[in-house]
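Per our numbering, the very first residue in the sequence shown carries number 789; after that it's consecutive. The C-beta atom is built at its ideal place from N, Cα and C for all residues, glycine as well. Since we're looking at a predicted model, the values are computed, not measured.
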Amino acid sequence: MGLRGTMVRWLRAYESAVSFHFSNYFVGFLSEATATLAGAGFTEEKDHLQWDLTVSKPLNVELPRSMVEVVTSWNLPMSYWLNNYVFKNALHLGTFSAVLVTYAASALLHGFSFHLAAVLLSLAFITYVEHVLRKRLARILSACILSKRCPPDCSHQHRLGLGVRALNLLFGALAIFHLAYLGSLFDVDVDDTTEEQGYGMAYTVHKWSELSWASHWVTFGCWIFYRLIA
789 MGLRGTMVRW LRAYESAVSF HFSNYFVGFL SEATATLAGA GFTEEKDHLQ
839 WDLTVSKPLN VELPRSMVEV VTSWNLPMSY WLNNYVFKNA LHLGTFSAVL
889 VTYAASALLH GFSFHLAAVL LSLAFITYVE HVLRKRLARI LSACILSKRC
939 PPDCSHQHRL GLGVRALNLL FGALAIFHLA YLGSLFDVDV DDTTEEQGYG
989 MAYTVHKWSE LSWASHWVTF GCWIFYRLIA
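1) Below 8 Å on the Cβ atoms is my guess for V849 versus K936; work out the distance and round it to an integer in Å.
2) Please list, in chain order, all residues of the same chain as H898 whose beta carbon is under 6 Å from its beta carbon, the five residues on each side excluded.
3) Nearest to F913 by alpha carbon, out of S811, I1012, E832 and R792?
4) Considering only residues of the same chain and omitting the five flanking positions on each side of S844, which have a CB-CB separation below 7 Å?
5) According to DSSP, what are the bridge partners of L837?
6) Would you tell me roughly how many angstroms separate the C-alpha atoms of R953 and T794, rounded to the nearest one?
7) For the alpha helix (DSSP H) containing H1004, name the first residue and the last one.
8) Could you work out which residue in L791, G790, A801 and A892 is closest to V976 when comparing CA atoms only?
9) From which residue to which residue does the alpha helix (DSSP H) around K995 run?
10) Could you check which residue in A821, V859 and L908 has the C-alpha nearest to that of H1004?
11) Note down, one range per segment and in chain order, each alpha helix (DSSP H) of at least 4 residues found wholly within the segment 829 to 895.
12) When you compare the CB positions of L970 and L911, do they come within less than 9 Å of one another, or not?
13) Which residue wins for smallest C-alpha separation from D840, given the options K834, F830, P846 and L847?
14) Pick from G827, E998 and V858: whose alpha carbon is nearest that of F959?
15) By alpha-carbon positions, which one of A893, N956 and S885 ends up nearest to P852?
16) How long is the line joining the alpha carbons of A926 and I933, rounded to whole angstroms?
17) With DSSP run on the structure shown, which of helix, strand or coil describes A931?
18) As a quick exercise: from A878, A823 and W798, pick the residue whose alpha carbon is nearest that of F965.
19) What first and last residue would you give for the alpha helix (DSSP H) that runs through L814?
20) Thinking A886 and F875 are a contact (beta carbons under 8 Å), I'd like their distance in whole angstroms, please.
21) Whole angstroms is fine: what's the gap from L973's alpha carbon to H836's?
Below is the structure:
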């Protein structure tokens, strides 16, 4: 019964996460359509117009290579703005501090509700640990297992082997696990009163406690592993 209850909770968490994802895709595609109809969704190269405005990339979120790919594909214009005007300007504080500042800025832009701030700051730790761990493993194994896809002329010895694919699939599955955990806060069956008043700290703690704080513990374990091999 305990195992079945755990599986049900995780399936419900994944359901809530996917529901939230698709609401974001709807807004993204709607903004693409309205911008294009208004004549703003294009880039110009010489005399050639390309109607190529893209707000989100659903496949990169639902079948991700990494959590880094998820956060950049979630909202491309916002990701570009935060990267260029927040992250790069905060790099003098150090990479980790710059990541925290960037996600804090994103939380402010989203209205700084507690559950969104909790998700975004958790993402800061998850993406940073994932990035440094995969960077370290890629260097040790000389394999294309970075958070972002390697360019064709990368210097890694192992690029498309079975081991490389298996590791990338493992990190992709881990990203889906994190997404289900974080998305559990956006419960599709929550009552209207709670939704209107906002998800407070008690609600956030309750939902993540139901999942035993699993994503945070896994992230902490990945950080310990990174420190051991550093």
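On the basis of the data shown:
1) Going by Cβ atoms, the distance from V849 to K936 rounds to 15 Å, so no, they are not a contact pair.
2) Cβ neighbours of H898 beyond the five flanking positions: L904.
3) Ranking the options by Cα distance to F913, first place goes to I1012.
4) For S844, where only same-chain residues beyond five positions count, the Cβ hits under 7 Å are N812, Y813, G816, S861, W862, N863 and L864.
5) DSSP links L837 through a beta bridge to E832.
6) The alpha-carbon atoms of R953 and T794 are separated by roughly 29 Å.
7) Segment A1002 to I1017, the alpha helix (DSSP H) holding H1004.
8) Nearest C-alpha to V976: A801.
9) Note, K995: alpha helix (DSSP H), M989 to E998.
10) Ranking A821, V859 and L908 by Cα distance to H1004 puts L908 first.
11) Counting only runs of 4+ residues, the alpha helix (DSSP H) found wholly inside the segment 829 to 895 occupies 846 to 850, 855 to 862 and 864 to 870, in chain order.
12) Yes.
13) Comparing alpha-carbon positions, the option among K834, F830, P846 and L847 lying closest to D840 turns out to be F830.
14) Measuring from the Cα of F959, the nearest candidate turns out to be V858.
15) Ranking A893, N956 and S885 by Cα distance to P852 puts N956 first.
16) In this structure, the alpha-carbon of A926 lies about 6 Å from that of I933.
17) In the three-state scheme derived from DSSP, where H, G and I count as helix and E and B as strand, A931 is classed as strand.
18) Scanning A878, A823 and W798 for the CA closest to the CA of F965 turns up W798.
19) Just to set this straight, residue 814 is Phe in the shown sequence, not Leu. G790 to L825 is the extent of the alpha helix (DSSP H) around F814.
20) 5 Å between Cβ atoms; contact.
21) Those two C-alpha atoms are separated by around 45 Å.
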